[in-house]
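Novice:
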Amino acid sequence: MAQVIAIVNQKGGVGKTTTTINLGAQLAVLGSSVLIVDFDPQANATAGLGINRAILKTSVYDALVGRAPFAAIVVPTRINRLSLAPATMDLAGATVELVTAERREFKLKEALAQVRNSYDYILIDCPPSLGLFVINALVAADSVLIPVQAEYFALEGVGQLISVIQLVQQNLNPNLMVLGALITMYAGNQKLSAEVLSELYRYFPRKIFRVVVPRTVKLAEAPAQGKTIFEHASKSKGAKAYIYLTHEISKILNLT
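Using the numbering used here, the first residue of the sequence shown is number -8, and each one after it goes up by one.
#1: Return the CA-CA distance between Asn162 and Leu103, expressed in angstroms with no decimal places.
#2: Would you mind reading off the limits of the beta strand (DSSP E) that contains Ala(-3)?
#3: Determine the DSSP secondary structure at Thr175, reduced to helix, strand or coil.
#4: Sort Val28, Ala213, Ser225, Tyr177 by Cα distance to Leu82 and report the nearest one.
#5: When DSSP labels each residue in this structure, what does Lys231 get in the three-state scheme?
#6: DSSP state of Thr10, grouped into three classes?
#7: Assuming Ala70 contacts Ala19 under a Cβ cut-off of 8 Å, what Cβ separation, rounded to an integer in Å, is found between them?
#8: For the candidate residues Ser24, Leu191, Ile12, whose alpha-carbon lies nearest to that of Ala36?
#9: At the level of alpha carbons, what is the spacing between Thr10 and Ala92?
#10: Please list the terminal residues of the continuous beta strand (DSSP E) segment that includes Pro138.
#11: Pick out whichever of Pro67, Lys7, Leu21, Arg197 has its Cα sitting closest to the Cα of Tyr235.
#12: Spatial neighbours of Val159 within its chain, please: C-beta separation below 7 Å, excluding the five flanking residues on both sides.
#13: Where do the ends of the alpha helix (DSSP H) carrying Val159 lie?
#14: When the Cα of Lys100 is compared with those of Gly84, Leu136, Pro119, Ala(-7), which residue comes out closest?
#15: When you compare each of Val106, Gln151, Leu136 to Gly122 by their alpha carbons, which one comes out closest?
#16: How is Pro214 classed by DSSP in three states: helix, strand or coil?
#17: Determine the burial state of Glu88: buried for a count of at least 16 other Cβ atoms within 10 Å of its Cβ, exposed for fewer.
#18: Does Leu0 pass the burial test, meaning 16 or more other C-beta atoms within 10 Å, or should it be called exposed?
#19: Okay, do the segment 130 to 140 and the segment 37 to 48 touch, 3+ Cβ pairs below 8 Å being the bar?
#20: Let me know the secondary structure DSSP gives Tyr192 once reduced to three states.
#21: Given Phe144, which residues of its chain have a CB within under 6 Å of its CB, disregarding the five upstream and five downstream residues?
#22: Can the beta-carbon of Phe61 be found closer than 9 Å to that of Ala85?
#23: Of all the options Thr49, Val90, Arg95, Ala232, which has the alpha carbon lying nearest to the alpha carbon of Ala78?
#24: Curious, which full-length alpha helix (DSSP H) runs of at least 4 residues does the segment 28 to 69 contain?
#25: Could you check the C-alpha separation between Tyr177 and Arg58 for me, to the nearest Å?
#26: Buried or exposed for Thr247, please, with buried defined as at least 16 other CB atoms from any protein chain shown within 10 angstroms of its CB.
#27: Using alpha carbons as the reference points, say which of Lys209, Thr175, Phe195, Lys7 lies closest to Val202.
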């Protein structure tokens, strides 16, 4: 049965999608069967994996509202063993439809149950919010990974995110584990980044990944070309960081 990891931060532009795509790609390269769930109506993970949203006939939306079996919406990617449950703009409308639904917080978990035995890992790329979609992702997940940009304003709302995770643990998913906070866009020569790093340790004692994802042009270029960092610049610092992250996560989960 798959390990389900939700990649969450209500702040946009902190590297959630970049982390989801590249973690998924590296897990697949190492031999795991991986499904990425694009759970953001902006569909950045879908575009970042080179999938043309205009030609998609079904998406996560259809599985979420019961219009299609989950397996029917999954599409392959260029990377062997890496599949995608794509998003389209239709997903934005699902929030309204789910408001009055019974067990609305469990819709994603129930949908994923159809395919959970088909993968080793399921990675959920969450929208930049703390709304119903993120609650669904946290309920469906075994663990949560929190990318945090190494900038002062990126720390705003971290306390609120932790509170939401704790509420989900108390009321909806008692087995949810915080995998760790991942520092992204780190510029080691800047005093500000060092101060942010120090502050993060207050929020996440013993829960900070050792690897730090650097701020690099290559990481910014890759999704615009619909590629992973390994396809775009396999020898870059960004690629090495996500290789190290993959090993850290595998070690934490005791799967290697």
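Beta carbons are placed, not taken as given, at the ideal position from N, Cα and C, and that holds for glycine.
Here the structure is a predicted model, which is why all the values come from computation and not from measurement.
Specialist: A quick look at the data gives this:
#1: In the sequence shown, residue 162 corresponds to position 171, counting from 1. In the sequence shown, residue 103 corresponds to position 112, counting from 1. The straight-line gap from Cα to Cα measures roughly 20 Å.
#2: The residue labelled residue -3 in the question sits at position 6 within the sequence shown. Per DSSP, the continuous beta strand (DSSP E) segment holding Ala(-3) begins and ends at -6 to -2.
#3: Within the sequence shown, residue 175 is the residue found at index 184, counting from 1. Three-state result, Thr175: strand.
#4: As a first step, residue 82 must be located in the sequence shown, where it is residue number 91. Nearest option by C-alpha distance: Val28.
#5: Start at 1 with the first residue of the sequence shown, and residue 231 comes out as number 240. Three-state DSSP puts Lys231 in a helix.
#6: Counting from 1 along the sequence shown, the entry for residue 10 is found at position 19. Residue state, collapsed to three classes: helix.
#7: Residue 70 sits at position 79 when you count from the first residue of the sequence shown. Residue 19 sits at position 28 when you count from the first residue of the sequence shown. Before going on, a small fix: residue 70 reads as Ile here, not Ala. With 8 Å as the limit, Ile70 and Ala19 qualify as a contact, their Cβ atoms being about 5 Å apart.
#8: Within the sequence shown, residue 36 is the residue found at index 45, counting from 1. Nearest C-alpha to Ala36: Ile12.
#9: For the purposes of this step, residue 10 is taken as the residue at position 19 of the sequence shown. For the purposes of this step, residue 92 is taken as the residue at position 101 of the sequence shown. So the two alpha carbons sit approximately 31 Å from each other.
#10: To locate residue 138, count along the sequence shown from 1; it is residue 147. Here the beta strand (DSSP E) through Pro138 covers 134 to 140.
#11: The count along the sequence shown starts at 1 and reaches residue 235 at position 244. Nearest C-alpha to Tyr235 among Pro67, Lys7, Leu21, Arg197: Leu21.
#12: If you number the sequence shown from 1, residue 159 lands on position 168. Closer than 7 Å at the Cβ level, and outside the excluded window around Val159, lie Ile126, Leu129, Val130, Leu167.
#13: If you number the sequence shown from 1, residue 159 lands on position 168. Membership of Val159 in the alpha helix (DSSP H) is indicated by the continuous run 149 to 162.
#14: Here residue 100 refers to the residue found at position 109 when the sequence shown is read from its first residue. Nearest to Lys100 by C-alpha distance, out of Gly84, Leu136, Pro119, Ala(-7), is Ala(-7).
#15: Reading the sequence shown from its first residue, position 131 is the one you call residue 122. For Gly122, the closest of Val106, Gln151, Leu136 by C-alpha to C-alpha distance is Gln151.
#16: Reading the sequence shown from its first residue, position 223 is the one you call residue 214. Here Pro214 sits in helix by DSSP.
#17: Here residue 88 refers to the residue found at position 97 when the sequence shown is read from its first residue. So Glu88 ends up on the exposed side.
#18: Working through the sequence shown from its first residue, we reach residue 0 at position 9. It should be noted that the sequence gives Asn, not Leu, for residue 0. Here Asn0 is buried. Its C-beta has 16 or more other C-beta atoms within 10 Å.
#19: Output reads no: the segment 37 to 48 does not touch the segment 130 to 140.
#20: Position 201 of the sequence shown, counted from the first residue, corresponds to residue 192. Residue state, collapsed to three classes: helix.
#21: As a first step, residue 144 must be located in the sequence shown, where it is residue number 153. Correct list: empty, nothing qualifies.
#22: Walking along the sequence shown from the start, residue 61 turns up at place 70. Walking along the sequence shown from the start, residue 85 turns up at place 94. Using a Cβ distance threshold of 9 Å, Phe61 and Ala85 do not count as a contacting pair.
#23: Locating residue 78 in the sequence shown gives position 87, where the first residue counts as 1. Looking at the Cα atoms, Thr49 is the closest of the given residues.
#24: Fully enclosed alpha helix (DSSP H) runs of 4 or longer: 35 to 39, 51 to 55, 61 to 64.
#25: Numbered from 1 along the sequence shown, position 186 holds the residue referred to as residue 177. Numbered from 1 along the sequence shown, position 67 holds the residue referred to as residue 58. If I take the Cα positions, the gap works out to 42 Å.
#26: What you label residue 247 is simply residue 256 of the sequence shown in a count that begins at 1. A caution first: Thr247 carries a pLDDT of 42, below 50, which makes its placement in the model unreliable, though a value can still be read off. Under this definition Thr247 is an exposed residue.
#27: Locating residue 202 in the sequence shown gives position 211, where the first residue counts as 1. Of the residues Lys209, Thr175, Phe195, Lys7, the one whose Cα lies closest to the Cα of Val202 is Thr175.
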